[in-house]
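The numbering of the sequence shown is our numbering, which starts it at 333 and goes up by one.
All C-beta atoms, glycine included, are put in the ideal place defined by N, C-alpha and C.
Quantities reported herein were computed from a predicted structural model and do not represent experimental measurements.
Written out below as structure tokens is the structure these notes cover.
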Amino acid sequence: MHYRPFVSVIIPVHNDSYGIQQTLRSLFKQHYPQKQYEIIVVDNNSNDDTISMIQKTVSEFEGNVIFEIEEMQGSYAARNKGFSVSRGEIIAFIDSDMTVDSDWIYNGVQCFTNKKIDYVGCNIEIYSSKRIPSLWEKYHIALGFPIKDYMKIDGYAPTACLFLARRVIEKVGNFESRLLSGGDFEFGNRTRDHGFKMYFDQDNIMYHPARDSFSLLFQKQKRVTIGQIRLRRLFPERFPYNRFKDVAICCIHLLPVASSTVIFKLSRSMVDFLPLFGIFYALRLYTCWFKFANKCFF
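Here is the structure:
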């Protein structure tokens with residue numbers, strides 16, 4: 333690849349000093365010309381030592397790092413702030429708790445120069461740093477991030493693993509900053525509806541630490557559920573309620589047979605099956621209860 337377009341890597345961060353340090357250090361080791369990429373870190377109201385850790389870590393790097401602050405709470409508002417100061421022909425998004433291989437930018441760029449793609453979702457591998465993963469980590473590793481399915485069925489890639497041509501955002505607009513979850517889904521659907529070419533790059537792998545407590549798994553499930561409800565209320569014409577379908581899906585989720593089938597396929601042994609099933613069923617039960625409590629079915 334002779335032509336090397338300028339790349340802007342945008343990282344929103346909130347109270348994650350350790351995670352942002354690991355992310356930055358993996359980005360500092362890229363086999364891509366330092367003059368051809370910038371790293372934009374956007375702090376989103378951190379009240380711990382995240383900012384001081386960013387400043388300390390950035391001093392290790394000779395390349396171009398831009399630090400911004402976004403006061404409107406939400407990762408999508410932070411990503412919009414990052415884009416507003418970016419210069420890249422290609423925009424890459426990564427979360428502050430993730431790491432990448434040294435050829436991540438290079439491989440991402442190849443999709444645009446060789447395949448004429450506009451929107452690229454990377455693969456995500458969930459890992460545990462422990463010799464024996466905890467039950468919660470096993471659950472997260474088992475379910476993982478099925479990016480290929482997200483793109484094929486739902487028309488989006490998570491913003492944790494996304495490359496975009498700059499023209500995409502210039503055409504379809506920014507992320508919806510009023511959403512705290514689901515903004516990647518909404519943006520991806522806008523991108524697809526505008527006819528931009530989307531691609532899943534399964535060989536460009538990014539690494540995400542497994543969530544290691546039920547609290548973290550629950551917080552994620554709650555955030556996603558609230559995002560789904562808010563998305564439909566903000567854009568009822570684009571994402572209309574199908575109450576019969578929603579009730580049917582919830583009923584299916586509450587059937588032990590349906591849940592056990594999913595977990596059985598994902599569990600590696602019968603020893604894991606029952607506890608993993610319990611976590612899966614509890615989170616699904618919460619989702620259905622929350623939607624019912626918020627009058628999503630009537």
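One Cα belongs to F338, the other to G440, and the distance between them is close to 12 angstroms. Taking G487 as reference, the option from R522, E502, L608, L496 with the minimal CA-CA separation is R522. Taken atom to atom, the span from the alpha-carbon of W468 to that of V504 is near 38 angstroms. The beta-carbon distance between I352 and R411, rounded to whole angstroms, is 15 angstroms. This is too long to meet the 8 angstroms contact definition.
For the set H540, S509, H334, E502, the Cα lying nearest the Cα of Q442 is the one of H334. In the DSSP assignment, S340 falls within the unbroken beta strand (DSSP E) covering 339-345. Scanning D450, E392, Y471, E569 for the CA closest to the CA of I611 turns up Y471. Taken atom to atom, the span from the alpha-carbon of V390 to that of L512 is near 28 angstroms. For I386, the number of other beta carbons within 10 angstroms of its own is at least 16, and it is reported as buried. For V373, the three-state secondary structure derived from DSSP is strand. Within the DSSP secondary-structure output, T557 pairs in no beta bridge. By the neighbour-count definition (other C-beta atoms within 10 Å, threshold 16), G527 is an exposed residue. Rounded to whole angstroms, the Cβ separation of L615 and Q553 is 5 angstroms, and the two are in contact under 8 angstroms.
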